[in-house]
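Novice: Just add 9 to the spot in the sequence shown (first one is 1) and you have the numbering used here. Cβ atoms here follow ideal geometry from the backbone N, Cα and C, with glycine treated the same way. The model shown is predicted, which means the values in this text are computed figures rather than measured ones.
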Amino acid sequence: MTNLSVLNLGDLEMATLEHIWRVGQGDAKSVHAELGVARGITHNTIQSTLDRLYKKQILARRKVSHAFIYSASFSRSDFLSQAIGAVADMVRGDTGDILTAFVDFASRTDEQTLAALERKLAERTARP
């Protein structure tokens, strides 16, 4: 997976990935039952979405009988690290602006988020 591929996901791709993270794995039929029916989209659309995520190396798959079973290639945390890395690459390593934007985002969310960020920074700097 390239860093930029994580930034180039549509709404259905993200919903599909979220579903796979939540349930662990699934085939096109089960993902369609969960996402496709509610959105009014076809089984083929879900199958194409799963295939696109596989080709982007975001999902892994294995063949079981006549169906592919898909699972996430990496955790949500790794995905977020890739996304942040892609943004950092876009600004060519100017980490000051990225850090400022991240802190601004955390502070706009709520006080608990900003406090959690402060705790995580303290934990990270306390490591040897």
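Given a cut-off of 9 Å, decide if A92 and V15 are closer than it, judged by their beta-carbon atoms.
Specialist: yes
Novice: Out of K38, Q56 and H28, point me to the one whose CA is closest to S84's CA.
Specialist: The closest CA to that of S84, considering only K38, Q56 and H28, is found on H28.
Novice: Report, in whole angstroms, the separation of the C-beta atoms of T58 and T25, which I expect to be a contact under 8 Å.
Specialist: 5 Å
Novice: At the level of alpha carbons, what is the spacing between R71 and S39?
Specialist: 15 Å
Novice: Please list the terminal residues of the continuous beta strand (DSSP E) segment that includes A92.
Specialist: Careful: A92 lies outside any beta strand (DSSP E), inside the alpha helix (DSSP H) at R85 to M99.
Novice: Can you grab the Cα-Cα spacing for the pair E127 / T134, in whole Å?
Specialist: Their backbone Cα atoms lie some 11 Å apart in a straight line.
Novice: DSSP three-state label for T11, please.
Specialist: A caution first: T11 carries a pLDDT of 48, below 50, which makes its placement in the model unreliable, though a value can still be read off. Of the three classes helix, strand and coil, the one that applies to T11 here is coil, per DSSP.
Novice: So what does DSSP say about S80, is it helix, strand or coil?
Specialist: Residue state, collapsed to three classes: strand.
Novice: Among R101, A37, G45 and E43, whose alpha-carbon lies nearest the alpha-carbon of D60?
Specialist: A37
Novice: Determine, using beta carbons only, whether I67 and S90 come nearer to each other than 9 Å.
Specialist: no
Novice: DSSP three-state call for G33: helix, strand or coil?
Specialist: coil
Novice: Expressed to the nearest angstrom, what Euclidean distance is found between the alpha-carbon atoms of D2 and E132?
Specialist: A query on residue 2 cannot be resolved here, the shown segment of the chain reaching from 10 to 137 and no further.
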